[in-house]
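Structure first, then comments.
Numbering (the working numbering), first residue to last: 41 to 157.
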């Protein structure tokens, strides 16, 4: 189950404990999103205290192919986020002025108006 299907199932069941025998990273992320949304939807602090925090348990055999696959997918995800953050840091930002246009747009407007003046 992924995405909306996972969220709807979790909403219907409203679990407080989840035990996964097959650790699918996409489903683990869906559980994390559900947990955050569940905590944010509680209006008062009293409701949040009464509501038990969701607990997730993964069962994996040590040094098994399943464990290696799961850990490799976590490493891939982590490196993807690190690359994304690095690219975001080094990406040039557009320069905005008070009028809300970029420098390139202003240059294009000025050159177009000056050729006809």
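Using N, Cα and C, we set each Cβ at its ideal position, and we do this for glycine too.
- Listed as beta-bridge partners of residue 65 by DSSP are no residues whatsoever.
- DSSP, read as helix, strand or coil, puts residue 98 in strand.
- When the beta-carbon positions are compared, residue 49 and residue 41 come within less than 8 angstroms of each other.
- If you compare the alpha carbons of 63, 53, 116 with that of residue 97, the shortest gap goes to 63.
- Rounded to the nearest whole angstrom, the C-alpha separation of residue 55 and residue 69 is 15 angstroms.
- By the Cβ neighbour-count rule, residue 66 is exposed, with fewer than 16 other Cβ atoms within 10 Å of its own.
- By the beta-carbon neighbour count (other beta carbons within 10 angstroms, threshold 16), residue 110 is buried.
- Annotation: the continuous alpha helix (DSSP H) that includes residue 53 extends over 43-53.
- By the CB criterion at 8 angstroms, residue 113 and residue 94 fall outside the cutoff.
- Membership of residue 56 in any alpha helix (DSSP H) is not indicated, and neither H nor E is assigned to it by DSSP.
- When the Cα atoms are used, residue 124 and residue 72 turn out to be separated by approximately 21 angstroms.
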